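**Q** Sequential numbering from 0 applies to the sequence shown in numbering that gives the first Met the number 0.
A virtual CB, placed ideally from N, CA and C, is assigned to each residue, including glycine.
These numbers were taken from a predicted model, which means no experiment stands behind them.
So that we are looking at the same thing, I have put the structure below in C-alpha cells.
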Amino acid sequence: MADALVHEKLEFTEHVVHMGRVAKVVKGGRRFSFAALVVIGNGEGLVGFGLGKAQEVSEAIRKGGERARKNLIRVPITGTTLPHEVNGRYGAGNVMIRPASPGTGVIAGGAVRAILEAAGVKDVLTKCVGSRNPHNVVRATIDGLRQLTTRDEVLEKRGLIQSEVE
C-alpha cells in the first residue's frame, strides 16, 4: 500500500503503444468502444503497462495509465544499458534483449522501444521473433525485464561476498 502512494507522486511519461476500436454487434447494429495499451515509466528504472477500455479514446488512455501505475516493475540499469542478455516470452511472442555499448542507442521496434525508453535504457539491441502483436510484444518485453538480475543479487544467491570474488 505504501508503494502505491509513493508511485502516485512520481513523474511518469506515458506512451500509447496501441489504440484499437472494437465493435460489439447488437440487434440494432454495432456498438463501438476503444482499447488503449499504455506504457508508463519514470526514466530511472520504473516501468509498467496497462490496458484501458472505454467508450471514448481519452477515457481509455486514462484507464490504461491508471492500470499501468498499479503494474510497475523495477528494471536494473547498468550505466546506460542492461546488466545482461535476456529473452522474454509471452504466447507466441519472443523478444530478445541484449545490452549494447555506449552510443549505440535504442535499436528496437515500436512496443519494445516504448518500454525501454520509458524505463530509461539508452543503449540496447532487441529483436522480436514470432508474434508481432503489440499486446504479446509488450508482455514478452516485461517478462524479459523481470528476469534481469544485478551482479550483487547473483553473488547474494550464491552466498558470496563481493570482496571474496575480486
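Could you check the C-alpha separation between residue 69 and residue 47 for me, to the nearest Å?
**A** 8 Å
**Q** Please report the Cβ distance between residue 130 and residue 90, rounded to the nearest whole angstrom; I am assuming they are in contact, meaning their Cβ atoms lie under 8 Å.
**A** 6 Å
**Q** Mind checking residue 9: buried by the 16 CB within 10 Å criterion, or exposed?
**A** Residue 9 counts as exposed, since fewer than 16 other C-beta atoms from the protein chains shown sit within 10 angstroms of its C-beta.
**Q** Answer yes or no: do residue 31 and residue 56 have a C-beta to C-beta separation smaller than 8 Å?
**A** No. Outside cutoff.
**Q** Name, in chain order, the residues that DSSP records as bridge partners for residue 22.
**A** 31
**Q** At what residues does the alpha helix (DSSP H) containing residue 115 begin and finish?
**A** 109-118
**Q** With 16 as the cutoff for other CB atoms within 10 Å, does residue 152 come out buried or exposed?
**A** exposed
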